[in-house]
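Student:
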Amino acid sequence: MKKITFLLLSILAMWGCDNEYVAPGEEPSHSVIFTSEMDFGNKIQVNDKLSFGDVSPGVVSRKWSFPQGVDILESDNDSTSADQRVKTVFTKAGTFQVRLNQQFKAPAYINGVLRGTENDTIITVRVIDSVRVNFTANFVNKNGTLGAPLTIKDQAKNEITAGTTIRYTAVNAGEPERLEWALEGGAPLTSEVVGTFDVKYKKVGVYDIQMIGKRSRPFGADTIALKQFLRVVPSTEPVTLDGVTSVPAQSSKIALNFSRDMDILTANPSNFSVAITNKGKSIPVTITAATVDPAQENVVLLTLSDRIFNNDEVAVSYAKGLLATSDGVAADAFEKRKLSFVKKNLLEGSPLDIGFENSLDSNWPYLAWGAPWDAYKLTVTNEEKHSGAKSAKIELKPNGGMVIGHKKNGEVVRFKAERGKIYEVGFWIKVKSLGDNAAGKEAPNVIFFWEPNTNWGAGRVNLDSTLPLNQWTYVTTTFAEFAATGNYQFMIRGFNGNNPSALTFYMDDLSLAEVELRP
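Written out as structure tokens, the structure reads:
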């Protein structure tokens, strides 16, 4: 009887069977087949060599059959071979099947099972193109949509104004595993994004671009390097303040992130003011210096007479002065721009799916607290996202609530925390509807409890009119201190018990960060 064996990725026959009798001096028949790339899934690059071998004891005849696009080395016949070892070159990309027919002098062992005297084996070979890299580049319109394409060639000198964002998309062949972008003059200056990403150009000048694609096995690499690809010219558009942040490891500094490079000679500390409050109390502070960050010339650094803490509320104002961009555009005045703290999210790299990217609804189960905590609906969705591709859409039903945990493969997902440290617990929220909460009653809110050593007095974030609708906002739920060093789980509680209407919001990018609080 003929048997057919399919080998996908690697081929190695098993030897022997202790229960079968073999006459003394008689060599048993076994199917033992190999390829030179069997340990790597028989994946090769176009025009690479691939060897096939049949070292099966007891074979009296064999026939290798190859598809079109294969060159059998040292042979005029590229379709079949009866040799024990066959060296080939695959000249086309694609997935191919190589068939080996074996005739044995006696019934043969196939994968440890005694079969007949004839066996067919099919070996699947995947042939990929050599690595070739290229890219497209487009303007990004003010509304975020894709704009006109740029010319992709050496010395193109595509003219853009300072502050313009360009969207790059890799267009590659040969499945490179890693891309290395060098984006002269851009923010960021480098990238390893394999797909699509945006780069903002803020400084006047002429800039090169380079992209290297690499593949480890089968090895391959390619480079595209374009000289004088972009020419950034002065803009007549107003300069914008894109963010006000703390400066990591420099607690007495504030960073003002502008849309374009700023002229250091125009930064005057007397034109700025900073207001700090903590628990309703004003904290006196003065600005001692205003400089431009030499590493990021679009960032103006304000140095304060005292440090700031993570539970401070900090607002920065600028009265119209001489502050201008490096291409001569004056900065507009602004008032009470709120500072955002730059923190390290300790949940990144933890087992928690903080961005819901790999979650199903069932990974965030109800914790069975009873009514009204079962009156909600959670859906992992791609309708909205703060980052990545997904978020959790949560509807708290009228007079309802929610208590959920996080599980993977039926097991509770936990994070690490240390005794003696203070942590900020927060997340990004986009509120779609607030409903109509009863006046004077407890407002809808979200609390992150933890277990074990639960602090039932943990802080909360109220879902009320202080939150903007249809806008992603970072919120802090509580500052947490854990009673012991160990592994904890979150129990996320949503309350809508005094609201006759449903309340809907999106949740994304859960965060746990070590912080310092003002004494």
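Okay, so the sequence shown: first residue is 39 according to our numbering, each after it adds one.
For each residue, glycine too, the CB sits at the ideal point set by N, CA and C.
Predicted, not measured: the structure shown is a model, and the values here were computed from it.
(1) What is the DSSP secondary structure of P187, counted as helix, strand or coil?
(2) So within the region 87-120, which uninterrupted alpha helix (DSSP H) runs reach at least 4 residues, ignoring any that extend past its ends?
(3) So what does DSSP say about I346, is it helix, strand or coil?
(4) Restricting to Cα atoms, I'd like to know which of K240, N447, S254 is closest to A225.
(5) Scan the region 225-310 and note each continuous beta strand (DSSP E) run of 3 residues or more that stays entirely inside, going in chain order.
(6) Which residues in the same chain as L541 place their Cβ atom closer than 7 Å to its Cβ, once the five residues preceding and following it in sequence are excluded?
(7) By a C-beta neighbour count over all protein chains shown, 10 Å radius and 16 as the cutoff for buried, is A562 buried or exposed?
(8) So what does DSSP say about S388, is it helix, strand or coil?
(9) In terms of alpha-carbon separation, which member of H424, S343, I262, K358 lies closest to A305?
(10) Can you tell me whether L361 is buried or exposed? The criterion is at least 16 other CB atoms within 10 Å of its CB, across all chains shown.
(11) For T523, which residues in the same chain have their Cβ closer than 6 Å to its Cβ, ignoring the five residues on either side in sequence?
(12) Given that a residue counts as buried once 16 or more other Cβ atoms are within 10 Å of its Cβ, and exposed if not, what is G223?
(13) Taking just the CA atoms, how far does A413 sit from R205?
(14) Got a sec, what are the start and stop residues for the beta strand (DSSP E) I432 sits in?
(15) Looking only at its chain, what residues have a beta carbon closer than 8 Å to the beta carbon of G233, apart from the 5 residues adjacent to it on each side?
(16) Please say whether T511 and V469 have beta carbons closer to each other than 9 Å?
(17) For V450, which residues in the same chain have their Cβ closer than 6 Å to its Cβ, ignoring the five residues on either side in sequence?
(18) Could you give the distance in angstroms between the alpha-carbon of V108 and the alpha-carbon of V127?
(19) Could you tell me the boundaries of the beta strand (DSSP E) in which R153 lies?
(20) Tell me which same chain residues have a C-beta within less than 7 Å of the C-beta of F267, skipping the five on either side of it?
(21) Once you ignore the five residues that flank Y59 on each side, which residues in its own chain have a CB closer than 8 Å to its CB?
(22) So F543 is in the beta strand (DSSP E); what residue range does that whole segment cover?
(23) Name the two residues that bound the continuous beta strand (DSSP E) containing N525.
(24) Rounded to whole angstroms, what's the CA-CA distance from V338 to N420? Just pull it up for me.
(25) Could you check if E554 is buried or exposed, using at least 16 other CB atoms within 10 Å of its CB as the buried criterion?
(26) Where DSSP assigns a beta bridge to T516, which residues make up the other side?
(27) Could you check where the beta strand (DSSP E) with W219 kicks off and where it finishes?
(28) Relative to the alpha-carbon of F520, which residue among T504, F486, N508 has its alpha-carbon at the smallest distance?
(29) Between R216 and E230, which are expected to be in contact by the criterion C-beta below 8 Å, what is the C-beta distance as a whole number of angstroms?
(30) By Cβ distance, which residues of its chain are closer than 7 Å to N85, with the 5 residues on each side in sequence left out?
(31) Out of D331, T326, D158, point me to the one whose CA is closest to S343's CA.
(32) Assuming I392 contacts L385 under a Cβ cut-off of 8 Å, what Cβ separation, rounded to an integer in Å, is found between them?
(33) Using a 10 Å radius around the Cβ and a threshold of 16 neighbouring Cβ atoms, would you call A369 buried or exposed?
(34) Just the Cα atoms here: how many angstroms apart are P62 and L138?
(35) Across which residues does DSSP place W488 in a beta bridge pair?
(36) Is it buried or exposed, S67, if we count other Cβ atoms within 10 angstroms and call 16 or more buried?
Tutor: Working from what's here:
(1) As a position in the sequence shown, residue 187 is number 149, starting the count at 1. DSSP places P187 in strand when its eight states are reduced to three.
(2) none
(3) In the sequence shown, the residue the question calls residue 346 occupies position 308. Coil.
(4) For the purposes of this step, residue 225 is taken as residue 187 along the sequence shown, with counting starting at 1. When only C-alpha atoms are compared, the closest one is K240.
(5) 234-239, 243-253, 258-271, 279-285, 288-296
(6) In the sequence shown, counting from the first residue as 1, residue 541 sits at position 503. Closer than 7 Å at Cβ, skipping near neighbours: L434, S471, L472, G473, P482, L501, N534.
(7) In the structure displayed, the chain extends from 39 to 557; residue 562 sits before or after that span and is not available.
(8) What you label residue 388 is simply residue 350 of the sequence shown in a count that begins at 1. Correct three-state label for S388: coil.
(9) Position 267 of the sequence shown holds residue 305. Looking at the Cα atoms, K358 is the closest of the given residues.
(10) By 1-based counting over the sequence shown, the position of residue 361 is 323. The residue is buried, with at least 16 neighbouring Cβ atoms inside 10 Å.
(11) Within the sequence shown, the letter at position 485 stands for residue 523. Closer than 6 Å at Cβ, skipping near neighbours: E456, R457.
(12) To locate residue 223, count along the sequence shown from 1; it is residue 185. Under this definition G223 is a buried residue.
(13) Against the sequence shown, residue 205 aligns to sequence position 167. Against the sequence shown, residue 413 aligns to sequence position 375. If I take the Cα positions, the gap works out to 43 Å.
(14) Residue 432 sits at position 394 when you count from the first residue of the sequence shown. Looking at the DSSP string, the run of the beta strand (DSSP E) that includes I432 is 429-434.
(15) Translated into the one-based positions of the sequence shown, residue 233 becomes position 195. Correct list, in chain order: T207, A208.
(16) Indexing the sequence shown from 1 puts residue 469 at position 431. Indexing the sequence shown from 1 puts residue 511 at position 473. Result yes, Cβ atoms of V469 and T511 sit closer than 9 Å.
(17) Here residue 450 corresponds to residue number 412 of the sequence shown, with the count starting at 1. Only Q527 meet the Cβ criterion.
(18) Reading the sequence shown from its first residue, position 70 is the one you call residue 108. Reading the sequence shown from its first residue, position 89 is the one you call residue 127. In a straight line, the C-alpha of V108 is about 6 Å away from that of V127.
(19) Here residue 153 corresponds to residue number 115 of the sequence shown, with the count starting at 1. Taken as a continuous stretch (DSSP letters only), R153 belongs to no beta strand (DSSP E), as it is neither H nor E.
(20) In the sequence shown, counting from the first residue as 1, residue 267 sits at position 229. Hits under 7 Å: A194, N196, Y245, D246, I247.
(21) Here residue 59 corresponds to residue number 21 of the sequence shown, with the count starting at 1. Unreliable positioning characterises Y59 in this predicted model, as indicated by a pLDDT of 39, which lies under 50. A coordinate reading is not provided.
(22) Numbered from its first residue, the sequence shown carries residue 543 at position 505. Per DSSP, F543 belongs to the beta strand (DSSP E) from 541-552.
(23) Walking along the sequence shown from the start, residue 525 turns up at place 487. It spans 524-533 - the beta strand (DSSP E) in which N525 sits, taken as one unbroken run.
(24) Residue numbering aside, residue 338 sits at position 300 when the sequence shown is read from its first letter. Residue numbering aside, residue 420 sits at position 382 when the sequence shown is read from its first letter. Each residue's Cα considered, the two are about 36 Å apart.
(25) The residue labelled residue 554 in the question sits at position 516 within the sequence shown. Burial call: exposed.
(26) The residue you call residue 516 lines up with position 478 of the sequence shown. BP columns for T516 point to V463.
(27) What you label residue 219 is simply residue 181 of the sequence shown in a count that begins at 1. Run containing W219: 216-221, per the beta strand (DSSP E) assignment.
(28) The residue given as residue 520 occupies position 482 in the sequence shown. When each option's Cα is compared against that of F520, the closest is F486.
(29) Translated into the one-based positions of the sequence shown, residue 216 becomes position 178. Translated into the one-based positions of the sequence shown, residue 230 becomes position 192. Confirmed, Cβ separation roughly 7 Å.
(30) Here residue 85 refers to the residue found at position 47 when the sequence shown is read from its first residue. Cβ within range, chain order: V127, T129.
(31) In the sequence shown, residue 343 corresponds to position 305, counting from 1. Among D331, T326, D158, the Cα nearest to that of S343 belongs to T326.
(32) For the purposes of this step, residue 392 is identified with residue 354 of the sequence shown, where counting begins at 1. For the purposes of this step, residue 385 is identified with residue 347 of the sequence shown, where counting begins at 1. Going by Cβ atoms, the distance from I392 to L385 rounds to 5 Å, so yes, they are a contact pair.
(33) In the sequence shown, residue 369 corresponds to position 331, counting from 1. Counting Cβ neighbours within 10 Å, A369 comes out buried, since at least 16 surround it.
(34) Your numbering for residue 62 matches position 24 in the sequence shown. Your numbering for residue 138 matches position 100 in the sequence shown. Interpretation of P62 is limited by its pLDDT of 46, a score under 50 that renders its predicted location unreliable; the figure taken from the coordinates is listed afterwards. Going from the Cα of P62 to the Cα of L138 covers about 30 Å.
(35) Walking along the sequence shown from the start, residue 488 turns up at place 450. Its beta-bridge partners are F528.
(36) As a first step, residue 67 is located in the sequence shown; it is residue number 29 there, counting from the start. When all chains shown are included, S67 counts as buried.
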